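Quick note: the sequence shown uses the working numbering, first residue 459, plus one each step.
The next block holds one structure in the form of structure tokens; read it before the comments.
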Amino acid sequence: MNRKNPEQLRSHRWFGESDMRGFGHHSRIAQMGYSRADYYCKPIIAVINTWSDINSCHAHFRQRAEEVKRGVLQAGGFPLEMPALALAEVFQKPTTMLYRNLLAMETEELLRSYPVDGCVLMGGCDKTTPALLMGAISMNLPAIFLPAGPMLRGNWRNQPLGSGSDVWKYWAEKRAGNITDQQWLEIEEGIARSPGHCMTMGTASTMTSATEALGFTLPGAVSIPAADSRHARMAAETGRRIVDMVWEDLKPRDIVTAASVDNAVTAVLAIGGSTNAVVHMVALARRAGVPLTAERFDQLSQRTPLIANIRPAGKFLMEDFFYAGGLRALLAEISDLLSLGERAVNGRTLGENIAGAEVFNRDVILPRDKALVKNGSLAVLRGNLAPDGAVIKPAAAEARLWKHVGPAVVFADYDDMAARIDDPELPVTKDSVIVLKNAGPQGAPGMPEWGQLPIPKKLLAEGVRDMVRISDARMSGTSYGACVLHVAPESFVGGPLAFVHDGDLIELDVAARKLELKISDAELAGRRAAWKAPPPKFSRGFGALYQSHITQANQGCDFDFLEGTAPTSEPEIH
Ligand code: FES
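Right under this line is the structure:
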């Protein structure tokens, strides 16, 4: 293997000269207490840290950054920690998805504009993972991902509690009058017991698992709970490894190939991952020039069994998954469905990285003949209501709803839904199809996780727990139900969802991959002609940039000017 020599380091452009320009760079490193022996002719490693007081999932990242830096120093590199947007899923409004591309841009520009030879990407809370990867793939400097790791399982009255999933479950019970205020408070205080990301198979666990299958983490890294001492040791090992990656010049686009993307998608399907992965994987694959589509998820789902028995599709939580063998063991179970020759950040192939992995608990990682879903865990629907596609997770829905025709109950936007959903006079039955408009990338804006539309209170009281619900929103990976999501094009830009009226019949047929508004083409054309585009949501700031360039869900909701693999420019150094 050809290794770089120190003069070939990118950072050498900043530090290699002893002229006026070099003086400024050297003197300011000296200002921080370092001498040339600390950094000169060594790989400079950016530790991109999404720690913030507001991101509880990354509460341990201050300490983990120190462990990464220890590893970098041990391996002969020079670490520089660089804070980046935290994208705290629970707190940032209207949705972190509005800012995923901002973190992707920040990552790319931090790497471009500073003397960086390689980077450790510290993420885990939902959008941080795809954002960091998107930026790093575009900049294409050696990059390794340090996953935050899942938090410990929650606990309430000796019952395990799962992030998100159990919130929805017990909230429905509270609305139905089956949970007291005191019990609700106890649940609130017992559900998040440690640092780390959500420990159900939500977007965080889904995207970090996809990241390991793609090849961006050390093998076994993503399943380690955040609070486990093995997580700290993995952080140091990640720091040691990035230094060698720089010398080896192992870059993101050596790792992201059509085959490794298929590996990541297959992993997502086998773990029962969040539907959000469709949007994120499409976006990050396109950054590497891999033309991934939602249909590829559907194709691969035909052959991929869902064997991770983890909530919301299953019973257990990520901590149990780790003790059962974790992602390596799961991937070994489906190794015949993977391209084992794809290279990972440790320089080895996926096949080498999962060799010898064992399953220690067959209730958590199921044998293939006992899969939760034999195949088809994620379906892409098309039809006159979603010409560019929509997704549904049949495994998270009651099977009786997989084929359903019902009259629409339409809400113009989220506020309309919030105001009327529990109105006793709302003409809704268990067979109705609830439709939410203006919840997409432009319309909401930011395509929030509103897609698990609430069941009307009067139906909850009748015992109804699932209904067909359709929107151009996303849904939290910890949610469940017969929710049709990501309808594209979205209603705000004149997608057919905008033309649905109360009482229209809508047909969902998961087996036929069909989503149809049962009105004539002429009627649809007439409604389209009468439709008036709503005014834009923003007149200034990041929102204005966002609305001018955001793509639709089927294209990954990237900014149009960030897609693709056009050469990135290096800064002039004056
Ligand atoms: Fe951070 Fe769920 S809130 S991963």
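Quick reminder that beta carbons are idealized off the backbone N, C-alpha and C, glycines included.
As the structure is a prediction and not an experimental result, all values here were calculated from the model.
field: Euclidean distance between Cα positions of V817 and V942
entry: Roughly 34 Å separates the two Cα atoms.
message: To the nearest angstrom, how far is the alpha carbon of V831 from that of L859?
response: In a straight line, the C-alpha of V831 is about 16 Å away from that of L859.
- request: Would you tell me roughly how many angstroms separate the C-alpha atoms of D702 and H1032, rounded to the nearest one?
  value: When rounded, the distance between both Cα atoms is 29 Å.
message: Using the three-state DSSP reduction, which class does V926 fall into: helix, strand or coil?
response: If DSSP states are grouped into helix, strand and coil, V926 belongs with the strands.
task: Determine, using beta-carbon pairs with one atom in the stretch 1004-1023 and one in the stretch 557-564, whether at least three such pairs fall under 8 Å.
output: Under the three-pair Cβ rule at 8 Å, the stretch 1004-1023 counts as touching the stretch 557-564.
message: With three or more beta-carbon pairs closer than 8 Å as the criterion, would you say the stretch 904-911 touches the stretch 929-940?
response: Verdict: yes, contact present.
message: Let me confirm a value: M478 is counted as buried when at least 16 other C-beta atoms fall within 10 Å, else exposed. Which label applies?
response: Exposed, because fewer than 16 other Cβ atoms sit within 10 Å of the Cβ of M478.
message: I'd like to confirm the pairing. Which residues does DSSP put opposite W614 in its beta bridges?
response: Looking at the DSSP output, W614 bridges to Q617.
query: Can you give the Cα-Cα distance for P903 and G952, rounded to whole angstroms?
result: Their backbone Cα atoms lie some 15 Å apart in a straight line.
- prompt: Which stretch, first to last residue, makes up the beta strand (DSSP E) that contains A693?
  reply: In the DSSP assignment, A693 falls outside any beta strand (DSSP E) and within the unbroken alpha helix (DSSP H) covering 687-706.
task: With DSSP as the reference, label I977 as helix, strand or coil.
output: Three-state result, I977: coil.
task: Starting from the Cα of A897, find the closest Cα among Q1010, D756, S623, A488 and give me that residue.
output: Ranking Q1010, D756, S623, A488 by Cα distance to A897 puts Q1010 first.
Any non-hydrogen atom of the ligand FES within 8 Å of H483 CB: Distances from the CB of H483 to the heavy atoms of the ligand FES are all 8 Å or more.
query: Which residues have a Cβ closer than 6 Å to any heavy atom of the ligand FES, listed in chain order?
result: The set of residues with CB atoms less than 6 Å from any heavy atom of the ligand FES reads, in chain order, C515, E547, V548, C583, D584, S621, H655, C656, G660, A662.
- prompt: What whole-angstrom Cβ distance do L775 and L727 have, given they're in contact under 8 Å?
  reply: In fact, because the Cβ distance is near 20 Å, the residues do not count as touching under 8 Å.
task: Tell me, please, whether the stretch 601-613 touches the stretch 667-676 by the rule of three or more beta-carbon pairs shorter than 8 Å.
output: Yes, the stretch 601-613 is in contact with the stretch 667-676.
- prompt: Near P537, which residues of its chain fall below 6 Å by C-beta distance, leaving aside the five closest residues on each side in sequence?
  reply: Closer than 6 Å at Cβ, skipping near neighbours: I503, V505, K527, V530.
Beta-carbon separation (whole angstroms), D639 vs R468, contact threshold 8 Å: 58 Å between Cβ atoms; not a contact.
- request: Have a look at V736, S890, A919 and flag the residue whose alpha-carbon is nearest the alpha-carbon of D756.
  value: Per the Cα distances, V736.
message: Ignoring anything shorter than 4 residues, give me the alpha helix (DSSP H) runs that lie fully in the stretch 476-539, in order along the chain.
response: Qualifying alpha helix (DSSP H) stretches, in chain order: 478-489, 494-497, 519-532.
task: Give the DSSP-derived three-state secondary structure of M580 in the structure shown.
output: Taken through DSSP and simplified to helix, strand or coil, M580 comes out as strand.
message: So that I know if they touch, is there some Cβ in chain D lying closer than 9 Å to that of G607?
response: In the structure shown, chain D does not exist; there is a single protein chain.
- prompt: In angstroms, rounded to a whole number, what distance separates the CA positions of V723 and V740?
  reply: Their backbone Cα atoms lie some 10 Å apart in a straight line.
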